Structures are given as structure tokens and as C-alpha cells.
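Trainee: Okay, here's the structure, questions in a sec.
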Amino acid sequence: MVVLGIETSCDETAAAVVEDGRSVLSSVVYSQVPLHQPYGGVVPEIASRSHVEKIGGVVREALREAFAPGGGVADTELAPGVWDRVDAVAVTYGPGLASSLIVGLSAAKGLALSLGKPLIGINHIEAHVHSVFLTPGAPDPRETGPLLALVVSGGHSCWIDVPEPGTYRIIGQTLDDAAGEAFDKAAKLLGLGYPGGPVIDRVARQAARRDAVAFPTGSPRTGNRGLGGLRAELCVSFSGLKTSLMYHLRDQPPQDEGQVAEIVAAYQEAIVGALAGRCERALRGGRYRALAVGGGVSLNRRLRERLAQVASGAGVRLLLAEPRFCGDNAAMIAGLAGMGGGVRGEAALRLDVVPALEAGE
Ligand code: KG4
Ligand code: ZN
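Residues 1338 to 1698 in the working numbering are what the sequence shown spells out, letter by letter.
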């Protein structure tokens, strides 16, 4: 089954062609980062307008790359018969920014209807979990579970119990800021630019030590209403962290680059420690065979290092997405659809966007 996937949930316009859920024939991502950089964050109005502008070209590029690699087809034209090679159109319908999601969903509905092919609606978080299976040599998702999945990005930080492919249950999450957001806000406070994660990752490696500052990342208290029935020890809260950074910068402003690096390294260590610590707790009891990690923050080198220790300590396999599939992409969307996931049949054509969709919902 060849699936054309479309993803426009935030600030990446993406399309991909994936065969049988795992084999990526093409993956095209147009990143809007430069458009949002002057504002230090994603501006929804700019994001949706840019999606409208780019989506047509990105879809065509994905088809061209998949079926006519090396060119030979004029830039604006697709070879005859290319559309016939697509068996289904898959698209993210949530979570994300409503005005961004609408562009991809409308485009996908239009394509599916005009081609007479089925439409498949995909949950973006569940697709991040599938991203670890797109790498050549990755194990078969049907033979890997039960999985503990961690999805960490600019919009999400959650732990998901995946007993078998297609079944998802959130067991922990952040009660406020996502991990990526915590990186981005710190970089903004330090004047390091946007997005913050990559630059913090880089600067932290220059630090002489990681424990120059003690930043707090306690578990939320049991009984906290934000938990909504989740176990407190598997949840995190990052909003206090950035406040504490703000006070630290006010009270003890760094005197040189070395001190900036030490602050950054300590801040990163607090986030990474919180994420790795929850993984360690969730893996206790021996229920899982693998730890699968996706989302833009999973690119963080210190996090990868700590997760490798946690996985090996728990005796489970660590599954990380290939760097190009960590951030938002459409290969994970087409892939999950090709494995049989998502909203299918007539129900898909009636889908509306669901900005606050959760894994397993
Ligand atoms: O998954 P993603 O591309 O988009 C969504 O938010 O869905 O993730 C983007 C986030 C940003 O917050 C960015 O700062 C963070 O991932 N990020 C990183 C690194 N690379 C990207 N965070 C920490 N370390 C990195 N190396
Ligand atoms: Zn994402």
C-alpha cells in the first residue's frame, strides 16, 4: 500500500510517500522557521498562510521524488500516471494549531475526493511514536512491544503506554510547558535566538560543569488537579524552571561566555534529568521491552545519552527516530496510515481538525 502523507499541524509544511508503513520513498519538509524567527515563536496567522502557499508544491515534490527520482520531469509537471500510484491519502487532523491543521486536512480531502482514493486521518502524537520504525534496520512494530513511548517536542511532552501497535494510553505528561518550549523560552531569556533547543544543545557542550546552578524540576504533587488521574511521579512541570532561570539571571548575571555555558548546561540537565527520570520510573516493573522516543527534543544529544543509560539499566531496547524524522514530518503520518492506523472509511471524510487531540483518543 502506497500512502501519500500530509502534515501541517504547526510550522512545517510536509508531504511524503511511504510504502507499506515503513519504506519511505520520499519525505519533503518545508520549514517556516525563518518566517517565525523575528517573533521568537510560531505566529499562527503567518503559519497558516505559508501552508496555503506551499502545500501544493510540497505535495508535488514528494510525488516527484518518490516516483521520478533524479528528475526528467519538468518542475511544475508530474509524469502521467503518478497520481495513480498512490493508494490512499493520509493527513494529520490533530493535535496542533487549528488554522494550520485546516490547510492540510482540506488539501488532503480535496485530493482524496478528486483521485477517488481513501482518506485516512492521523493523530500527530501517535505518528511521532511510529517515527522510530521508519529507519532502515528498525525492528517490526508488531514484534517490538509492549513499548514505553516518550514524545517530546515544542508542543508536547508525554509518556505513552503502547501494549501493541495501534493502542495508546497516556500515562504521564507535562502539566504546563512542553520540554521544547522550556528550551525555547530559556534561549529567548539568554538572547540565544530561536528555536532554542539546538543552540542550547550546542552551548551546553562547552560548559566546564553541569551542576553550577541547581534548577528545580519537581514532580507535581499528588492531588494536583492538573494531573487528571495520571500518576504524579510520571508527570513533569517545566514552568517553574524558566521562572527560576529568570531570577538567576537577574540576581547573578553571567560574567562571560563560560558562565553562560554553565547556566545553559545546568538548565538542560534539569530538563533531561526530569525526562529520563520519568522514563526510569515508568520502566520499573519490567512491563516494557523497548523505549521509543520521538519529537524534535529527541535530537538533544545529552538526552540521547541519558536515555541510553536508562534503557540499558532497565534492560530494554532504545528506539530513536532518525534525525530527519524527529521533528515534524509527513513520513510518520503516511507510515502510521500504511500500518493500518488512523480514522478510516467514510468517517475520515467527515473529520474536522481537533487541536487538543490526545494520544489514544
Ligand atoms: O517536533 P518539532 O520539530 O516540532 C514540534 O514542536 O512539534 O520540535 C521542535 C522543538 C523546538 O522546541 C526545538 O527547540 C526543539 O524541538 N529541539 C531541541 C533540539 N532540536 C530541536 N531541543 C533540544 N535539543 C535539540 N537538539
Ligand atoms: Zn510534532
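All residues carry an ideal CB built from backbone N, CA and C; glycine is no exception. Please read all numbers here as calculations on a predicted model, not as lab measurements.
Rounded to whole angstroms, what is the Cα-Cα separation between V1396 and I1343?
Mentor: The straight-line gap from Cα to Cα measures roughly 8 Å.
Trainee: Between A1607 and the rest of its own chain, which residues show a CB-CB distance below 7 Å, the 5 nearest in sequence each way excluded?
Mentor: Counting only Cβ-Cβ distances below 7 Å, and skipping sequence neighbours, we find F1552, T1554 and L1578.
Trainee: Compare the C-alpha of A1629 against each of G1358, P1476, T1345 and I1383 and name the closest.
Mentor: Selected option, being the one with the closest Cα: P1476.
Trainee: With DSSP as the reference, label D1588 as helix, strand or coil.
Mentor: Helix, per DSSP.
Trainee: Please name the residue, chosen from A1619, P1381, G1610 and R1643, that lies closest to L1571 on a Cα-to-Cα basis.
Mentor: Looking at the Cα atoms, A1619 is the closest of the given residues.
Trainee: Would you be able to state if there are at least three C-beta pairs under 8 Å between the region 1438-1458 and the region 1677-1690?
Mentor: Yes: the two stretches touch, three or more of their Cβ pairs being nearer than 8 Å.
Trainee: Suppose contacts are defined by Cβ-Cβ distances below 8 Å. Is S1385 in contact with S1437 by that definition?
Mentor: Yes, the pair counts as a contact, with Cβ atoms nearer than the cut-off.
Trainee: Given a cut-off of 8 Å on the beta-carbon distance, is the pair S1451 and G1633 in contact?
Mentor: Cβ distance not < 8 Å, so S1451 and G1633 don't count as in contact.
Trainee: Would you decide whether G1672 is buried or exposed? Buried here means 16 or more other CB atoms lie within 10 Å of its CB.
Mentor: The residue in question, G1672, is buried, as its Cβ has 16 or more Cβ neighbours within 10 Å.
Trainee: Report all residues from its chain with a CB closer than 6 Å to the CB of F1520; omit the five preceding and five following residues, and keep chain order.
Mentor: So the list reads G1533, G1534 and I1537, once near-sequence residues are dropped.
Trainee: Span of the alpha helix (DSSP H) holding C1616?
Mentor: E1594 to L1620 is the span of the alpha helix (DSSP H), which, as asked, contains C1616.
Trainee: Please give me, in chain order, every unbroken run of the alpha helix (DSSP H) with length at least 4 that falls completely inside the region 1475-1563.
Mentor: Counting whole runs of 4 or more residues, the region 1475-1563 contains the alpha helix (DSSP H) stretches 1516-1526 and 1533-1541.
Trainee: What does the alpha-carbon distance come out to for the pair G1378 and V1691?
Mentor: So the alpha carbons of these two residues sit roughly 22 Å apart.
Trainee: Locate the beta strand (DSSP E) running through G1679, then write down its first and last residues.
Mentor: From DSSP, G1679 is part of no beta strand (DSSP E); its letter is neither H nor E.
Trainee: Say whether the region 1539-1548 touches the region 1598-1606, bearing in mind that this needs 3 or more beta-carbon pairs closer than 8 Å, one atom from each stretch.
Mentor: The region 1539-1548, when compared against the region 1598-1606, does touch it at the 8 Å Cβ threshold.
Trainee: Determine whether the Cβ of A1352 lies closer than 8 Å to any Cβ atom of chain C.
Mentor: The chain inventory of the structure shown lacks chain C, comprising one protein chain alone.
Trainee: Could you tell me which residues DSSP puts in a beta bridge with N1460?
Mentor: Partner(s): G1431.
Trainee: So, with DSSP's three-state summary, where would you put E1349?
Mentor: The answer is strand: DSSP assigns E1349 an E or B state.
Trainee: Could I get the ranges of all uninterrupted alpha helix (DSSP H) runs contained in the region 1347-1390, with 4 residues as the minimum, in chain order?
Mentor: The region 1347-1390 contains these whole alpha helix (DSSP H) runs: 1370-1373.
Trainee: Report yes if the CB atom of A1545 is closer than 8 Å to the CB atom of E1599, and no otherwise.
Mentor: In contact: A1545 and E1599 (Cβ atoms closer than 8 Å).
Trainee: Tell me whether V1690 sits in a helix, a strand or coil according to DSSP, three-state version.
Mentor: Correct three-state label for V1690: coil.
Trainee: Apart from the five residues on each side of it in sequence, which residues of its chain come closer than 7 Å, Cβ to Cβ, to D1513?
Mentor: Excluding residues within five positions, the ones whose Cβ falls inside 7 Å are S1574, F1575 and S1576.
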